[in-house]
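First the structure, in the form of structure tokens, and then the observations on it.
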Amino acid sequence: MITPATSKVSLLDKPIATLHGVGPAKANLLAEELQLFTLGDLLYAYPFRYVDRTKFHAIIDIIPNGEALQIKGKLVTMNQVGEGRGKRMTGRLRDESGAALELVWFRGIHLLYRMYKIGEEYIVYGKVEQFNNRLSITHPEMELAARVGNLDQATFEPVYASTEKLNKRALDARGRRKLIKALFDKLKPADLPEILPRSLVQGLRLMSRGLALKNLHLPPDQKSLDGAIRRMKFEELFLLQLRLLQLKLVRENQIAGYSFGSIGTIFTEFFEEKIPFELTGAQKRVLREIRTDLGRGVQMNRLLQGDVGSGKTMVGLMSMLMALDNGFQACMMAPTEILAYQHYEGIQEYLEGMDIKVAFLSGSVKGKARRALLEQLEEGEIDILLGTHALIEPTVVFKNLGLAIIDEQHRFGVKQRAKLWVKNKPYPPHVLVMTATPIPRTLAMTAYGDLDVSVIDELPPGRTPIKTVHFTNHRRERVFGRIRDEIAKGRQAYIVYPLIEENENLDLLALEEAYEEMVQRFPVPDYQISVVHGRMKPDAKDFEMARFKAGETQIMMATTVIEVGVNVPNATIMTIVHTERFGLSQLHQLRGRVGRGAEESFCILLSSVKLSKESRQRIDTMVGTTDGFKIAEADLRLRGPGMLDGTRQSGVLQMRLADLAQDGIILGVAREKAKEILEVDPKLALPEHLALAVHLEKYMRAVKGWGRIS
Ligand code: ADP
Ligand code: MG
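Residue numbers for the sequence shown follow UniProt numbering, beginning at 1 and rising by one.
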């Protein structure tokens, strides 16, 4: 798209070497070390920290806690000490409090005498450590106090990502600041025009774009900096939402779908006569959302989120009945055979006495049975097909598939999901993906921002919350006692061991050793133990699972293969060994295997005594809450968005300023505003949206790995 605004070369596209004081050597260095080529690159490489040049710590008050501090003091001595590898330079810095600390350098020693002068006052920044009662900073950032004030009036100084090479060649913090000042000397207001519509800037009281960019680099005070950060975070999230919502619009306009206009006799009969419990408010709301979606005449692409045990299967089933009522078939795919068969059994039971044909397909349905099933499916004699990824094989042909549901969607790849789309002509089936790994709201709005999202945020009534306790290894005996107690009451127990993915043999060894121990503590014939691990053949695994499910064994020892969906309501105690080696969402999934019946259930987290700070926080979170959404939020805070399930490949999350763990409110506003604008002007063709449209094109090209997620 050629528009007046893009046809002339922007100043920001010019190379950094056009700046005053930047020769080819410096420009090359910036390109090599930081991939900064143009003035725009320089502008958008924001500082990662600011130093308040007016605030100093008095040395006498310092209690070292690993934090970096700023100190102003006089350099009183400098000495070269040690030999060979221990060779170093030490300096003493004394401040107004009268106390002193030591500065230490191991590198560049020969330069230091030239760089720093005894008797001068310096502003020093660095992590203060304590050795033998002596405070010291190793490789401090140091600047002459007299020069700092002169460079600019700003009390806040930006600090940029740097490298050792850059630091050596006068492109350290100070050099970079000079560069930025030169850049802003050159930029005129017209070079940084507003791209957001005026109504938005005024309505949200946003700082103008030009001022925000300047304040982000050279803030005169805290208030200007806060305003600048708010403005640029909003812009970033707003552009992302605009793009995601545009993608969604394109999909809705281009991909027509069947309109399931009516709720008919099947749904009504089920709802009035068959359903064994009252739906929760959340289930009802979600069903209404789905029903509206199915009636619009465009293909539904909806993500259904609900915590473990929130009753997603029922919502899935009732959505399938809507398809049946409109004369279509429906299918539901689950990631494991165990889970798929569980759905088959459960759904058949729900539908008993109704004239609906339900079938099951997996890799283990073979030969004649398979051929017969496929024929019936193509003839339209089967209404609901449940199964594993066998469903997406090309030989599986439906007569008219109206709705495809994918359970535990995070276990499937994007490609596998896409294969369901082509299972029907002329329109693709409606698609509902369900996940029990709760996704924080902010992440759902970004990583899945082009899907519609429904949330079941309420558990069915009458559940006794699972009691979670943490035990360190030396209290294992008590854990075994608790397991014995539960088994004595006729219940069953899980014991889960971690998986070391790089070394399956070691895993197996660890599991075997643990098994030896367990057999001694829980001897036959009083106790029967099942073992399930990832190396077993599927048949053997299913066999053991089935024995446990039938109550023939009381203890299930397993690696994380049981993580998803398995339903054994009689199991009431889950012990997780080496808890510190599991992630939060995994722990939550594992815990969800108990608490499925009426009895009170327990989850025991075993760990070693010594724990990292993060492990400790994970365990505290698990003990503190059973709410999957709260756990997901904590996970996001602890690990950052890049690590969460299903988002790794998305590329959506490479943001400069915004932080999904913290900026939920701004994100919500950004999405609302983006929606409002696209409702009025879906193509961003109005004159007041021109600058925005142009910028969006450019910005989105720059986001690496951008692609459709659904
Ligand atoms: P998940 O969302 O984890 O897939 P399920 O669909 O397996 O959860 O439901 C868990 C259990 O809760 C099942 O035994 C189901 O019958 C029961 N259940 C679902 N909805 C309700 C409800 N509204 N009231 C009572 N029990 C319910
Ligand atoms: Mg489920």
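The C-beta atom is built at its ideal place from N, Cα and C for all residues, glycine as well.
Using the three-state DSSP reduction, which class does residue i fall into: helix, strand or coil?
i	result
Gln662	coil
Glu157	strand
Gln80	strand
Val308	coil
Lys541	helix
Asp645	For Asp645, the predicted structure reports a pLDDT of 43, less than 50, and the residue's modelled location is therefore unreliable. A value from the coordinates is still provided. If DSSP states are grouped into helix, strand and coil, Asp645 belongs with coil.
Val609	coil
Lys87	coil
Ala182	helix
Gly297	coil
Val104	strand
Lys467	strand
Ala536	Looking at the sequence shown, residue 536 is not Ala but Met. In this structure, Met536 counts as coil in the three-state DSSP scheme.
Pro15	strand
Tyr125	strand
Gln35	coil
Gly668	helix
Asn57	The amino acid occupying residue 57 in the given sequence is His; Asn does not appear at that position. The answer is coil: DSSP assigns His57 none of H, G, I, E or B.
Val433	strand
Ile677	helix
Tyr515	helix
Using a Cβ-Cβ cut-off of 6 Å (strictly less than) and excluding sequence neighbours within five positions of residue i, which residues of its own chain qualify?
i	result
Cys603	Ile466, Thr468, Met574, Arg591
Ala323	Ala330, Gly402, Leu403
Val609	Thr472
Pro440	Ala632, Glu633, Leu636
Gly91	Leu75, Met78, Leu103
So, at 8 Å on beta carbons, what are the nonlocal neighbours of residue i in its own chain, with the 5 sequence-adjacent residues on each side left out?
i	result
Glu194	Val201, Ser208, Arg209, Gly210, Ala691
Ala161	Leu34, Ala45, Phe48
Asp663	Lys233, Leu237, Thr442
Ala493	Ile483, Glu486, Ile487, Gln554, Ile555, Met556, Ala571, Thr572, Ile573, Met574, Thr575
Tyr113	Met78
Gly21	Lys178, Leu179, Ala182
If you measure between the beta carbons of residue i and residue j, is that distance less than 8 Å?
i	j	result
Glu289	Ser530	no
Leu606	Arg476	yes
Thr388	Gly353	no
Leu509	His533	no
Pro197	Glu688	yes
Thr280	Gly327	no
Leu111	Leu103	no
Gly257	Gln222	no
Leu12	Thr38	yes
Leu451	Asp407	no
Pro64	Leu166	no
Leu611	Thr559	no
Relative to the C-alpha of residue i, which residue among the options is closest?
i	options	result
Ile677	Thr54, Leu239, Met89	Leu239
Ala330	Glu337, Ala359, Tyr341	Ala359
Val669	Arg176, Arg231, Met115	Arg231
Leu75	Leu11, Leu39, Gly597, Ile123	Ile123
Pro675	Asp539, Leu249, Met300, Lys425	In the sequence as presented, Pro is not what sits at residue 675; that position holds Lys. When each option's Cα is compared against that of Lys675, the closest is Leu249.
Thr621	Gly583, Val609, Arg656, Ala598	Gly583
Met17	Lys186, Asn79, Met142, Gly82	At residue 17 the sequence reads Ala, which differs from the Met that was named. Closest by alpha carbon: Lys186.
Glu307	Leu101, Leu244, Pro460	Position check: residue 307 holds Asp in this sequence, whereas Glu was assumed. Minimum Cα distance to Asp307 is reached at Pro460.
Asp52	Glu512, Thr464, Pro158	Pro158
Pro394	Glu512, Trp421, Val609	Trp421
Leu377	Arg639, Arg251, Glu345, Lys399	Lys399
residue 718	Asp681, Lys489, Val566	Shown here, the chain extends from 1 to 710; a query on residue 718 therefore has no answer.
Ala145	Ala658, Leu660, Phe629, Gly119	Gly119
Tyr427	Met89, Leu171, Leu294	Leu294
Which residues in the same chain as residue i place their Cβ atom closer than 7 Å to its Cβ, once the five residues preceding and following it in sequence are excluded?
i	result
Asp95	Ala58, Ile59, Ile71, Lys72, Gly73
Ala68	Tyr125, Gly126, Lys127
residue 716	Residue 716 falls outside the range modelled here, since the chain spans only 1 to 710, and no answer is possible.
Leu644	With a pLDDT of 43 at Leu644, under the threshold of 50, the modelled position of that residue is not reliable, and the figure given next carries that caveat. The answer, listed in chain order, is Leu443, Asp635, Leu636.
Lys698	none
Gln283	Gly311, Met314, Val315, Ile456
Leu225	Tyr50, Phe156, Asn215, Pro219
Lys14	Thr38, Leu39
Thr625	Ile631
Glu143	Tyr122, Ile123, Arg174
Gly297	Ala256, Gly257, Ser259
Against chain B, does residue i count as a neighbour if the rule is that its beta carbon must be under 8 Å from one of theirs?
i	result
Val680	Considering every chain present, this structure includes no chain B. It has just one protein chain.
Requested in this report: Please confirm if the segment 506 to 522 is in contact with the segment 311 to 321, defined as three or more CB-CB distances below 8 Å between the two stretches.
Outcome: no
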